[in-house]
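Right, one structure below, let's go through it.
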Amino acid sequence: MTNMIKENLLVINQFLKEFKTTGEICPSSRWAAEALTYPMREANKALRILEVGPGTGTVTKKILKEMKNNDTLLISEINPSFMKVLKDRIKNDQNYLKNKDRIKFSLGPVQEIDHSEHFDIIVCAIPFLNLDVKTIESIFVTLKKLSTPETIMTYYEYKAMKSISKVIPPKSRQDRIKSIERFFDSN
Numbered sequence: 014m015t016n017m018i019k020e021n022l023l024v025i026n027q028f029l030k031e032f033k034t035t036g037e038i039c040p041s042s043r044w045a046a047e048a049l050t051y052p053m054r055e056a057n058k059a060l061r062i063l064e065v066g067p068g069t070g071t072v073t074k075k076i077l078k079e080m081k082n083n084d085t086l087l088i089s090e091i092n093p094s095f096m097k098v099l100k101d102r103i104k105n106d107q108n109y110l111k112n113k114d115r116i117k118f119s120l121g122p123v124q125e126i127d128h129s130e131h132f133d134i135i136v137c138a139i140p141f142l143n144l145d146v147k148t149i150e151s152i153f154v155t156l157k158k159l160s161t162p163e164t165i166m167t168y169y170e171y172k173a174m175k176s177i178s179k180v181i182p183p184k185s186r187q188d189r190i191k192s193i194e195r196f197f198d199s200n
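Numbers in the working numbering are just positions in the sequence shown, counted from 1, shifted up by 13.
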């Protein structure tokens, strides 16, 4: 229980300090993790998996649990504090230990991942609502380069936050959220 409290406090702290790279005020729920990893359970081949924005690793733990013998995983996190907690959290996890030779970590923006790599599944928890459209476009250009025509990408957003952010001042935030919405509607 103490680790969970520490993780929650870290997420809140990072949300306040690093708002643009921290999309939530608490770690992802197990229900979100279940939904985001659904394609892994349906696959009948070895998967190349990319997890983007894992935070403290709630979804990562579910990915590790779902990994099959020949699956590979690349975990990409921009926030060094989250990456440290994530690595500490999984270092003794049985599912990590049995797969660790097929797991890599990338600290930095997803745009820095080698574009010659291609993934079957991309699990994404990037806080798009906190970013400007230019950054979102750059991320999606990268994700497209890392994909094949068969790649499945899962991600989530907080619909209530989007609705609230479109009406609560300042106007610059309202306009940014509306432009993000237009971006997603057109792609």
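Quick reminder that beta carbons are idealized off the backbone N, C-alpha and C, glycines included.
| Asked | Found |
| --- | --- |
| For E163, the three-state DSSP class (helix, strand or coil) | strand |
| The region 106-113 in contact with the region 139-152 per 3-pair CB rule at 8 Å | no |
| Pairwise C-alpha distance: I103 and I139 | 20 Å |
| Contacting residues, own chain, Cβ-Cβ under 7 Å from E79 (five flanking each side not counted) | T50, M53, R54 |
| Runs of alpha helix (DSSP H) wholly within the region 63-123 (minimum 4 residues, chain order) | 71-79, 93-103, 107-112 |
| For T148 and I190, the rounded distance between their alpha carbons | 13 Å |
| Closest Cα partner of T95 within the set K158, K184, I62, V72 | According to the sequence shown, residue 95 is Phe rather than Thr. Comparing Cα positions, the closest option is V72. |
| Own chain residues within Cβ distance below 7 Å of S192, not counting five before or after | V146 |
| Same chain only: Cβ atoms within 6 Å of N83, ignoring 5 sequence neighbours per side | A59 |
| The region 193-200 / the region 83-92 touching (three or more Cβ pairs under 8 Å) | no |
| Proximity winner among S151, A46, E47, L63, relative to E130 (alpha-carbon distances) | L63 |
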